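Student: So the protein lines, in turn, are chains A and B. For reference, each letter of the first sequence is one residue, going 27 to 369 in this note's numbering. For reference, each letter of the second sequence is one residue, going 2 to 469 in this note's numbering.
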Amino acid sequence: MPLPRLALASTPQCIFRPMLAYIARRLLYAIPILIGVNLLTFALFFVVNTPDDMARMQLGVKRVTVEAITKWKAERGYDKPLVWNGAAEGRGKLTETIFFTKSVRMFVGDFGRADDGRDIATEILTRMGPSLAIALPTFILGLSVAVSFALLQVFFRATALDFAGVVLCVAMMSISGLFYVIGGQWLVSKIWHLVPISGYSSGLDAPKFLILPVVIGVIAGIGSSARWYRTIFLEEILRDYVRTARAKGLPERVVLFRHVLRNALIPILTGVVVVIPTLFMGSLLTESFFGVPGLGSYTIDAINAQDFAVVRSMVFIGSVLYIAGLILTDISYTFADPRVRLQ
Amino acid sequence: MKWFEVLSTAQPVILWSDALLFLLMVVVAALAAWSWRQDALAAAWARVGRSKVAMSAATILAVFVLVGVLDSVHFRARMEPQAGSAVSYSVEVHSVLDAVLADLRLNTEKTYSAPLATHLFAKEAVEDSARREFPRLKHGGAHLGSDLAEYDRDVARRVLRGVASGIAAAGMAWLLLWLLSRRGRSLADGERTMLQLTPASSVVMLTLLGIFLVLGPVFSLADGYHVFGTDKVGQDVLFLSLKSIRTGLLIGTLTTLIMLPAAVLLGILAGYLGGWVDDVIQYLYTTLSSIPGVLLIAAAVLMMQVVIDTNPEAFPTSAERADARLLALCLILGMTSWTGVARLLRAETLKLRELEYVQAAKAFGVGPVAIMRRHILPNLMHIVLIALVMDFSGLVLAEAVLSYVGVGVDSSTISFGGMINSARMELAREPMVWWSLAAAFGFMFVLVLAANLFADAVRDAFDPSTSR
Chain A
27 MPLPRLALAS
37 TPQCIFRPML
47 AYIARRLLYA
57 IPILIGVNLL
67 TFALFFVVNT
77 PDDMARMQLG
87 VKRVTVEAIT
97 KWKAERGYDK
107 PLVWNGAAEG
117 RGKLTETIFF
127 TKSVRMFVGD
137 FGRADDGRDI
147 ATEILTRMGP
157 SLAIALPTFI
167 LGLSVAVSFA
177 LLQVFFRATA
187 LDFAGVVLCV
197 AMMSISGLFY
207 VIGGQWLVSK
217 IWHLVPISGY
227 SSGLDAPKFL
237 ILPVVIGVIA
247 GIGSSARWYR
257 TIFLEEILRD
267 YVRTARAKGL
277 PERVVLFRHV
287 LRNALIPILT
297 GVVVVIPTLF
307 MGSLLTESFF
317 GVPGLGSYTI
327 DAINAQDFAV
337 VRSMVFIGSV
347 LYIAGLILTD
357 ISYTFADPRV
367 RLQ
Chain B
2 MKWFEVLSTA
12 QPVILWSDAL
22 LFLLMVVVAA
32 LAAWSWRQDA
42 LAAAWARVGR
52 SKVAMSAATI
62 LAVFVLVGVL
72 DSVHFRARME
82 PQAGSAVSYS
92 VEVHSVLDAV
102 LADLRLNTEK
112 TYSAPLATHL
122 FAKEAVEDSA
132 RREFPRLKHG
142 GAHLGSDLAE
152 YDRDVARRVL
162 RGVASGIAAA
172 GMAWLLLWLL
182 SRRGRSLADG
192 ERTMLQLTPA
202 SSVVMLTLLG
212 IFLVLGPVFS
222 LADGYHVFGT
232 DKVGQDVLFL
242 SLKSIRTGLL
252 IGTLTTLIML
262 PAAVLLGILA
272 GYLGGWVDDV
282 IQYLYTTLSS
292 IPGVLLIAAA
302 VLMMQVVIDT
312 NPEAFPTSAE
322 RADARLLALC
332 LILGMTSWTG
342 VARLLRAETL
352 KLRELEYVQA
362 AKAFGVGPVA
372 IMRRHILPNL
382 MHIVLIALVM
392 DFSGLVLAEA
402 VLSYVGVGVD
412 SSTISFGGMI
422 NSARMELARE
432 PMVWWSLAAA
442 FGFMFVLVLA
452 ANLFADAVRD
462 AFDPSTSR
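(1) Over what stretch of residues does the beta strand (DSSP E) that includes histidine 120 of chain B continue unbroken?
(2) Could you give the C-beta distance for phenylalanine 240 of chain B and arginine 106 of chain B, rounded to a whole number, given that I count them as a contact under 8 Å?
(3) Start and end of the alpha helix (DSSP H) containing arginine 344 of chain B?
(4) Determine the DSSP secondary structure at arginine 132 of chain B, reduced to helix, strand or coil.
(5) Grouping DSSP H, G and I as helix and E and B as strand, with all else coil, what is aspartate 145 of chain A?
(6) Looking at the unbroken alpha helix (DSSP H) that takes in phenylalanine 361 of chain A, where does it start and where does it end?
(7) Compile a chain-ordered list of the residues in the segment 298-310 of chain B whose CB is closer than 9 Å to at least one CB of chain A.
(8) Using a Cβ-Cβ cut-off of 7 Å (strictly less than) and excluding sequence neighbours within five positions of valine 323 of chain A, which residues of its own chain qualify?
(9) What do you get for tyrosine 359 of chain A, buried or exposed, if any count of 16 or more other CB atoms within 10 angstroms of its CB means buried?
(10) Tell me which same chain residues have a C-beta within less than 6 Å of the C-beta of serine 166 of chain B, skipping the five on either side of it?
(11) Jot down the residue ranges of each uninterrupted beta strand (DSSP E) in the segment 188-212 of chain A, minimum 3 residues, whole runs only, in chain order.
(12) Thinking C-alpha only, which one of A:Ala172, A:Val337, A:Gly320 and A:Phe316 is nearest leucine 297 of chain B?
(13) Going straight from the alpha carbon of leucine 251 of chain B to that of serine 416 of chain B, what length do you get?
(14) Can you tell me which of B:Leu177, B:Val234 and B:Val7 puts its alpha carbon nearest to the alpha carbon of glutamate 427 of chain B?
(15) Just to confirm the assignment: which complete alpha helix (DSSP H) runs, minimum length 4, are found wholly within the segment 354-418 of chain B?
(16) Cα-Cα, which of A:Gly317, A:Thr304, A:Val318 and A:Pro319 is closest to valine 295 of chain B?
(17) Just checking: is the beta-carbon of asparagine 453 of chain B within a distance shorter than 8 Å of some beta-carbon in chain C?
(18) Suppose you measure from the CA of methionine 195 of chain B to the CA of aspartate 104 of chain B; what does that come to, to the nearest Å?
(19) Would a check of beta-carbon distances place leucine 251 of chain B closer than 8 Å to chain A?
(20) Let's test the definition: count the other Cβ atoms within 10 Å of the Cβ of proline 465 of chain B and tell me whether it reaches 16, buried, or not, exposed.
(21) Output needed in chain order: residues of the segment 276-292 of chain B with a Cβ under 9 Å from some Cβ in chain A.
(22) Beta carbon of serine 242 of chain B, beta carbon of alanine 440 of chain B: below 8 Å?
(23) Taking a Cβ distance cut-off of 8 Å, strictly less, list which residues of the segment 390-403 of chain B are near chain A, in chain order.
(24) Scan the segment 78-99 of chain A for residues whose Cβ lies nearer than 8 Å to a Cβ of chain B and list them as they occur along the chain.
(25) Give the DSSP-derived three-state secondary structure of phenylalanine 76 of chain B in the structure shown.
(26) Along the beta strand (DSSP E) that carries proline 13 of chain B, what are the first and last residues, could you check?
(27) The alpha helix (DSSP H) spanning glutamine 236 of chain B covers which residue range?
(28) How far does the alpha helix (DSSP H) with glutamate 110 of chain B in it reach, from first residue to last?
(29) Alpha carbon to alpha carbon, how far is serine 339 of chain A from phenylalanine 137 of chain A?
(30) Could you please tell me which residues of the segment 319-345 of chain A, in chain order, have their CB closer than 8 Å to any CB of chain B?
(31) Hey, quick one: how far does the alpha helix (DSSP H) through phenylalanine 315 of chain A stretch, first residue to last?
(32) Under the assumption that tyrosine 286 of chain B contacts threonine 337 of chain B (Cβ atoms under 8 Å), give the Cβ distance between them as a whole number of angstroms.
(33) What are the residues that DSSP puts in a beta bridge with serine 96 of chain B?
(34) Would you give the residue range spanned by the alpha helix (DSSP H) that methionine 426 of chain B belongs to?
(35) For chain B, find out if any of its Cβ atoms is closer than 8 Å to the Cβ of serine 200 of chain A; answer yes or no.
(36) Taking the alpha-carbon positions, what's the valine 210 of chain B to valine 302 of chain B distance?
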């Protein structure tokens with residue numbers, strides 16, 4: 027996707043100072059939202075079910091002794107009161123609680139330990155790499171393929187080719203994502219023996235493992251995104267400036283790729299930029315099917331092992347990244363459309 | 002016992018999800034009746050009716066809905082009466098679909114068998130020899146006896162018989178519709194009837210013919226074979242696929258039903274009242290939507306599972322437990338998906354609020370509640386409807402993914418996701434067990450494709466910005 031050149035009508039200072047103020051204000055707005063997320067996850071994980079319930083669930087509902095539950099809670103630091111510790115001294119009344127140690131500490135990057143005793147924060151840092159190695163190429167390739175496909179459809183609009191493209195898109199988006207993964211693995215790895223069926227390596231042979239998940243991710247996403255881009259482009263193509271561009275004799279190719287694409291950037295950016303930070307989270311399906319040691323498979327393993335500490339941390343990180351994405355979206359508008367000024 | 006005998010003596014059972022499904026059908030019927038009297042909406046429905054693709058898709062959807070509704074009427078069968086004892090009912094809860102397809106449900110094999118196979122897929126030791134070979138199936142092709150030379154001719158005969166009965170059934174349906182439409186035409190002039198508004202009825206007939214041409218051979222073969230094979234524990238895959246339809250439909254529709262009241266109320270309130278109400282509601286949905294959907298669903302489902310497991314006394318039968326989990330899943334999916342609709346409704350209300358007729362109503366002293374109910378809500382209905390149909394297919398697909406992640410429906414609930422999940426383990430097998438996967442993906446594809454095509458037509462007809 028060609029990024030639009032930044033139109034520097036005035037000196038950089040004049041543009042960037044309000045922008046910085048804007049970003050600062052948006053960051054301040056993010057705080058209440060994150061507190062809300064924090065309270066919600068706290069309520070979900072500790073109020074709906076007491077730590078006793080969780081201990082019983084983990085140790086097996088039947089034949090569990092009180093001692094075993096106490097030990098389980100003490101090992102994980104769940105033996106404190108929920109929000110108010112009357113027995114503690116001074117500030118400890120607030121800090122010696124589950125809410126403070128488990129939820130508030132997440133704001134400073136302390137996620138505690140997983141059930142296997144490892145530190146969640148270090149685990150997340152090491153697993154980010156493999157997740158990005160798959161998610162980033164999938165995102166970039168997927169975006170460029172879908173946008174080009176949609177532009178081609180618009181180029182051939184109202185012809186049989188366009189119709190065939192629409193039919194293809196609807197059919198592709200009606201297929202379950204699981205089918206693409208299972209079918210792709212079966213065809214490419216099992217029948218054609220082109221690449222290993224699953225696995226991961228960070229060295230030079232990484233592409234061997236990455237190429238199939240990336241291609242499958244791109245194919246699985248084309249249907250819905252290409253159709254959406256096509257709608258955006260078709261809306262754009264009725265505007266006056268397109269008629270003007272055609273009237274002055276520009277070839278349709280230039281009209282589409284230079285004028286329409288650039289003007290359609292705002293709606294595209296709205297949907298696209300927000301997912302960029304969440305790419306760190308990886309994809310649950312792809313990573314678990316292909317055995318990639320990323321954050322997606324980390325989450326899925328935690329869900330299956332009912333490791334609540336990990337799920338809680340991932341929820342928090344996910345919302346932090348989403349909010350970052352929203353701010354990035356607003357900033358990207360100013361690059362795409364110089365008329366947009368952030369105040 | 003024939004299925005209608007079973008039904009006539011059974012004790013009806015209404016699960017929570019059944020009750021909600023019937024409530025949904027009443028709501029949809031009421032909405033349809035209401036929109037029929039609104040000229041603009043009736044015209045939009047007529048546009049949907051004129052779309053050939055939409056009517057064809059709607060016919061296919063209707064067949065799926067029929068299966069789902071049959072599977073939502075539950076009962077407990079009466080036990081064989083014992084001398085001197087009171088009437089007792091089975092502890093197992095079955096649906097009408099279970100009763101109709103009792104043969105498919107009960108004729109289980111030992112383990113995997115391929116579609117239309119006569120032998121098991123796994124070798125077994127034979128009694129009086131040291132060899133291991135593929136044993137014959139208990140039910141698949143059992144009517145052939147030891148004479149397997151008849152197999153080809155038997156299959157061909159059944160297919161032909163199925164095609165013939167399919168054509169006959171389509172003919173009967175056509176006759177029925179024709180009689181109905183004659184009645185419709187004989188009504189007074191100017192009276193709107195359904196059939197006069199569907200010039201695409203020839204498409205409906207063709208689609209019905211196609212459906213019957215598929216169903217005829219499938220069911221005539223299913224009488225003697227496992228058409229789509231059997232799964233790991235020997236259950237008929239055709240039966241499992243048909244049972245999965247209800248789960249998919251429920252998740253696709255109940256979720257929207259559960260979230261709509263909240264989304265509509267909050268969206269209108271935020272848009273119309275503005276001020277701090279708007280701030281609070283916006284804060285609420287921004288917070289909820291900032292949590293990645295799958296993770297929120299996973300967290301909530303894990304928590305629900307703890308609640309269900311620690312309170313076993315609240316759910317006496319396994320059917321009720323599975324039902325509770327299904328409803329919880331719908332509730333949670335609804336929690337995560339209302340934010341988008343609420344945002345759309347808020348934006349539209351902001352626009353409507355400034356229009357002259359609302360201003361006029363305000364000037365005449367109409368209260369805010371009356372304005373929202375009388376002037377805002379009816380004009381948001383097209384957005385609600387579009388959201389309802391557009392969300393459906395996504396939710397059906399989401400069910401499969403969530404079941405794979407392990408936070409889907411209860412493992413005892415038959416669903417497409419569950420079928421895929423259990424079949425996935427067998428992909429490494431040589432030769433491959435492909436039929437459960439193929440059946441689940443095939444059924445899902447047809448359902449979702451039909452839903453997508455119908456939703457597109459509805460959106461085109463109702464969205465004023467795309468009207469031609």
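All residues carry an ideal CB built from backbone N, CA and C; glycine is no exception. Fair warning: this is a prediction, and the values are worked out from it, not measured in the lab.
Tutor: Well, looking at it:
(1) Per DSSP, histidine 120 of chain B belongs to no beta strand (DSSP E) and is neither H nor E.
(2) 6 Å
(3) 319-354
(4) coil
(5) strand
(6) 334-362
(7) Ala299, Ala300, Ala301, Val302, Leu303, Met304, Met305, Gln306, Val307, Val308 and Asp310
(8) Reading off the sequence shown, one finds serine at residue 323 of chain A, where the question assumed valine. Same-chain partners within the cutoff: Glu313 and Ser314.
(9) buried
(10) Gly217
(11) none
(12) A:Val337
(13) 11 Å
(14) B:Val234
(15) 357-364, 369-372 and 382-406
(16) A:Thr304
(17) In the structure shown, chain C does not exist; the protein chains are A and B.
(18) Low confidence applies here, because methionine 195 of chain B scores a pLDDT of 48, under 50, leaving its location unreliable and the question unanswered by this model.
(19) no
(20) exposed
(21) Tyr284, Leu285, Thr287, Thr288, Leu289, Ser290, Ser291 and Ile292
(22) yes
(23) Ser394, Leu398, Ala401 and Val402
(24) Asp79, Met80, Arg82, Met83 and Val87
(25) strand
(26) 12-14
(27) Run containing glutamine 236 of chain B: none; DSSP gives neither H nor E here.
(28) Here glutamate 110 of chain B belongs to no alpha helix (DSSP H), and DSSP marks it neither H nor E.
(29) 6 Å
(30) Thr325, Ile326, Ile329, Asn330, Gln332, Phe334, Val337, Arg338, Met340, Val341, Gly344 and Ser345
(31) 310-316
(32) Tyrosine 286 of chain B to threonine 337 of chain B, Cβ: 11 Å. No contact.
(33) B:His75
(34) No alpha helix (DSSP H) contains methionine 426 of chain B, which DSSP labels as neither H nor E.
(35) yes
(36) What sits at residue 210 of chain B in the sequence shown is leucine, not valine. Taking the straight line joining both Cα atoms gives about 42 Å.
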